[in-house]
Amino acid sequence: MLRKLEKAEQKWGGSNTLIDQWLNNRRNLLINYCQIAGIPPYEETDKSLPAFDSVKQFCDQLMDYVSEGHFEIYNQVVTACEKHGSASQALAQQLVPQISATTDTALDFNDKYTEAEDEKVLFHLDKDLSSLGHAMETRFELEDKLLEVLHTKHS
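Note that my numbering has the sequence shown beginning at 333, numbered continuously upward.
Next comes the structure, spelled out in structure tokens:
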């Protein structure tokens, strides 16, 4: 996912403030995901679980990212697409619901780890991070299609 992000930053970075903000927030989320998941270069040598507070902080960041997309960025992209042709508008209207479908996985992850009262929930973290990672990858691919439209037609 980080390699795909680097390609996106090379392709679209610097062309639009909204795109730059979006990609920067995605980078921060991915770095934190890798740290929590123990993915290189953040793997732990002692194979211990991450701190419960670190997981909760990641959940906050995940919800910020998801919320920013739904309540700020997607609306701006759809509005820009409406101004610049029916093809752009149709693509945006097709992609946003697909992106929204990935939100359920993020919300479930957040609910499970922020509402947990003890650290025993961390024993399920690897499986849950795997499901979340898959949803994030799908989401980022769909978001990149929106970024392409925004960059191509509106930058």
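Note that beta-carbon positions come from the ideal geometry of N, C-alpha and C, so glycine has one too.
The structure displayed is predicted, hence computed values, not measured ones.
Nonlocal neighbours in the same chain, by C-beta distance under 6 Å from residue i, ignoring five residues either side
| i | result |
| --- | --- |
| Q393 | L361 and N364 |
| M395 | N442 |
Sub-8 Å separation of residue i and residue j beta-carbons
| i | j | result |
| --- | --- | --- |
| L479 | V387 | no |
| Y397 | N356 | no |
| L427 | K477 | yes |
| L464 | T437 | yes |
| N348 | L482 | yes |
| L454 | F390 | no |
| M333 | F441 | no |
| P382 | I371 | no |
| W354 | I405 | yes |
Endpoints, alpha helix (DSSP H) assigned at residue i
| i | result |
| --- | --- |
| K452 | Here K452 belongs to no alpha helix (DSSP H), and DSSP marks it neither H nor E. |
| P372 | Careful: P372 lies outside any alpha helix (DSSP H) and carries neither H nor E. |
| L429 | In the sequence under discussion, the amino acid at residue 429 is Pro, which differs from the Leu named in the question. It spans S418 to T446 - the alpha helix (DSSP H) in which P429 sits, taken as one unbroken run. |
| S386 | F384 to E400 |
Close beta carbons around residue i, own chain, < 7 Å, minus the five adjacent residues each side
| i | result |
| --- | --- |
| E414 | Q421 |
| Q408 | L350 |
| C366 | Y374 |
| Y445 | V387, K388, C391 and V453 |
Exposure of residue i, with buried meaning 16 or more beta-carbon neighbours within 10 Å
| i | result |
| --- | --- |
| F403 | exposed |
| A424 | buried |
| T411 | exposed |
| T434 | buried |
| R335 | exposed |
| G346 | exposed |
Beta-carbon contacts of residue i that lie in its chain and below 8 Å, excluding the five residues immediately before and after
| i | result |
| --- | --- |
| E341 | L355 and R359 |
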